[in-house]
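If you use my numbering, the sequence shown corresponds to residues 991 to 1230, in order.
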Amino acid sequence: MAAILADCGINCVYHCTPLHYAPWILSDRMLRSRKLLGDQGFSQHHFRSTSSSTDARRGFQDFVFFGVSPEIKLLKAKLERGFPHYLIEVPTSQIAQRTFFLSKRNIAKSRNFRGAKQEPIIDRTCESYWGNLLLPVAGSDQQKRAMLHKFRDVEVMVEGRIDLRSGVRLLAFSREDQSALESISRTVGSAFRVVLQPDEKYVRHPKHVEEIEQFIKTALADRNWRGDQLDFDDLKRQNK
991 MAAILADCGI NCVYHCTPLH YAPWILSDRM LRSRKLLGDQ GFSQHHFRST
1041 SSSTDARRGF QDFVFFGVSP EIKLLKAKLE RGFPHYLIEV PTSQIAQRTF
1091 FLSKRNIAKS RNFRGAKQEP IIDRTCESYW GNLLLPVAGS DQQKRAMLHK
1141 FRDVEVMVEG RIDLRSGVRL LAFSREDQSA LESISRTVGS AFRVVLQPDE
1191 KYVRHPKHVE EIEQFIKTAL ADRNWRGDQL DFDDLKRQNK
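Below, the structure written as structure tokens:
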């Protein structure tokens, strides 16, 4: 249960997401797995081009991913490129009674997996294979406690969807992003608290901002719209 996280000193988990997805997330007050987003009509270009397909091939398409601290490598990489992202901070009490696994690996970047030429070395004290997942994870209470005690950089993977209730906070890293989140929240009728955590190294890239603002405007005007070809991984490469 999620109480295991709190027992190990983890009171909140953190989901990193692009700013331009906020209209859907805040309107629905929900985070959905890749599979459920597909069921909602979102096509392949909505997902991360560098990792989403790999996650799915390895059996992790029905999970929402969280970090156990706000120090998330993906967030740092995106902000360094000037592409607006924010964090959704969810109290671990809100995932109580939910099915979740822990992983000490980056699912998409792990080259060794079950069925590959070289399979991963399993730490029997804190992980094993579960169901159709092609990478070992912590699934039992004993495994989860052991993993949290042995490793600091752990991913929490919650099955299906997460309803965003009272107590959830949105962490913005510039005043402009904070203002945008507050405006979106008011427009869709949600009441999430937006907290500014300035990052001096984060400078919003003008081209990204222009595209994102138009994307958000269109998403708010048409709630049935499911996006265009705006891909934050492609935009990252455009900066090189």
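Built from N, CA and C at the ideal position, the CB exists for glycine as well. None of the values given here were measured: they were computed from a predicted structure.
According to DSSP, simplified to helix, strand and coil, what is Y1119? coil
Less than 7 Å between C-beta atoms, sequence neighbours within five positions excluded: which residues of the same chain meet that for P1013? I1174, V1178, I1206, A1209 and L1210
With DSSP collapsed to three states, give me the class of G1232. Nothing in the structure corresponds to residue 1232, since the chain is present only between 991 and 1230.
Check F1205 in the structure and name its three-state DSSP category. helix
Nearest-angstrom Cα distance between R1135 and V1003? 16 Å
So, is R1022 buried or exposed, given that buried needs 16 or more other C-beta atoms within 10 angstroms? buried
Please state whether the Cβ-Cβ distance between V1144 and K1094 is less than 8 Å. yes
E1172 - DSSP class collapsed to helix/strand/coil: helix
First through last residue of the alpha helix (DSSP H) which encompasses L1026: R1024 to D1029
Would a C-beta distance cut-off of 8 Å place L1161 and L1077 closer than the cut-off? yes
Residues near R1155 by beta carbon distance below 7 Å, same chain, minus five either side: Q1084
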